[in-house]
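Residue numbers (our numbering), protein chains in the order written: chain X, 691 to 828; chain G, 691 to 828.
We treat Cβ as the ideally placed atom computed from N, Cα and C, and that holds for glycine.
The structure under discussion appears below in the form of structure tokens.
2 protein chains.
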Amino acid sequence: MAIDPLSQTFAALADPTRRAILARLALGETSVTELAEPFAMSLPAISKHLKVLEHANLISRGREAQWRPCRIAPTALKDVDGWLERYRKFWDENFDRLDDYLQELKAAEEIKGRGTKSKSKSKSKSKPGKEKSHGRRK
Amino acid sequence: MAIDPLSQTFAALADPTRRAILARLALGETSVTELAEPFAMSLPAISKHLKVLEHANLISRGREAQWRPCRIAPTALKDVDGWLERYRKFWDENFDRLDDYLQELKAAEEIKGRGTKSKSKSKSKSKPGKEKSHGRRK
DNA sequence: CCTTTATTTAACCTGAAGGTTATTTAACCG
DNA sequence: CGGTTAAATAACCTTCAGGTTAAATAAAGG
Chain X
691 MAIDPLSQTF
701 AALADPTRRA
711 ILARLALGET
721 SVTELAEPFA
731 MSLPAISKHL
741 KVLEHANLIS
751 RGREAQWRPC
761 RIAPTALKDV
771 DGWLERYRKF
781 WDENFDRLDD
791 YLQELKAAEE
801 IKGRGTKSKS
811 KSKSKSKPGK
821 EKSHGRRK
Chain G
691 MAIDPLSQTF
701 AALADPTRRA
711 ILARLALGET
721 SVTELAEPFA
731 MSLPAISKHL
741 KVLEHANLIS
751 RGREAQWRPC
761 RIAPTALKDV
771 DGWLERYRKF
781 WDENFDRLDD
791 YLQELKAAEE
801 IKGRGTKSKS
811 KSKSKSKPGK
821 EKSHGRRK
């Protein structure tokens, strides 16, 4: 078993059946049998997938009579997003522009109504050093 | 081999060695031997890891004499982020607030200098229906 | 209680993932 | 050319993931 949680999460997400289950759960809590229905696969197989998802903290399960309703547990996905953060600059062209936008905005509010400032043309490529805030992370 | 690309990407990311390699490459292009150095592992093992990363479109490799410099290829990570998008609402408390912020801003710009409007206290929880834009996706 | 419904556990099979060492390939360098 | 350095490939081993069927557990309900 992979000891580090992030590996476990990624491993859990590496299966299309499990991602489909998550997609279904994004629509709302539901039972095991209902979750299993779309798949050409035995119920024990689904049960195993759910166990994997649960151990990866991607879902949590309650109990209601003989049913075990599943729902999405946010923490693991949040961690994935956190991991992704440091790589976002490699593809997200909005990454910089959004920051500029927010910075502009902040500046604009400070000098509200005083004069014209800070043109929209931003060219902050390949600027190493300070980290910027992006409003996405807790 | 997993046929769908997303499964391949997640599977590739499910190994701590490979994530460490990516972390190193985030600092800049480098050679296989240099990449291998931090790990208590044979070079062929690293070579295999690199092949996995390459097939998952997480890295690309050039050629420079006898060296094969590796660099990060953004597309696969971008796809992961895209996949995450639909789940972001499950954990990101800024998800709504950022939107409100941008919407407010847009509104504020339209009526620039006309009067006082749109107080900052936004309470848009559990509002189903229309998709909102977040400035992050292409 | 005995039966039905929902789900898990057990035992098993197959293939692939991740590691090893030994051998090749590729390119530079004296 | 022959040696050295960089990296990939081959052949092999062991563990684990994902599936199966058959049996066990849990709770509801006549």
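**Message:** Tell me the DSSP secondary structure of residue 732 of chain X in three-state form.
**Reply:** coil
**Request:** Kindly indicate which three-state DSSP category residue 711 of chain G falls into: helix, strand or coil?
**Result:** helix
**Asked** Does residue 774 of chain X get closer than 8 angstroms to chain G when you measure Cβ to Cβ?
**Response** yes
**Asked** My guess is that residue 760 of chain G and residue 699 of chain G are in contact by the Cβ rule of under 8 angstroms, so how many angstroms apart are they, rounded?
**Response** That belief does not hold up - the Cβ atoms of residue 760 of chain G and residue 699 of chain G are roughly 16 angstroms apart, past 8 angstroms.
**Request:** Scan the stretch 737-748 of chain X for residues whose Cβ lies nearer than 7 angstroms to a Cβ of chain G and list them as they occur along the chain.
**Result:** none
**Message:** Starting from residue 697 of chain G, trace the alpha helix (DSSP H) in both directions and tell me its first and last residue.
**Reply:** 695-703
**Message:** Rounded to whole angstroms, what is the Cα-Cα separation between residue 763 of chain X and residue 764 of chain G?
**Reply:** 28 angstroms
**Request:** With residue 750 of chain G as the anchor, note down where its beta strand (DSSP E) starts and where it stops.
**Result:** 749-751
**Item:** Beta-carbon gap between residue 705 of chain X and residue 697 of chain G smaller than 8 angstroms
**Value:** yes
**Request:** Taking residue 831 of chain X as part of the alpha helix (DSSP H), name the residues at either end of that continuous run.
**Result:** The requested residue 831 of chain X does not occur in the structure, where chain X is confined to residues 691 to 828.
**Request:** Compare the C-alpha of residue 702 of chain G against each of G:777, G:774, G:782 and G:767 and name the closest.
**Result:** G:767
**Asked** Just the Cα atoms here: how many angstroms apart are residue 737 of chain G and residue 726 of chain X?
**Response** 39 angstroms
**Partner residues on chain X for residue 703 of chain G, Cβ-Cβ distance less than 7 angstroms** = 700
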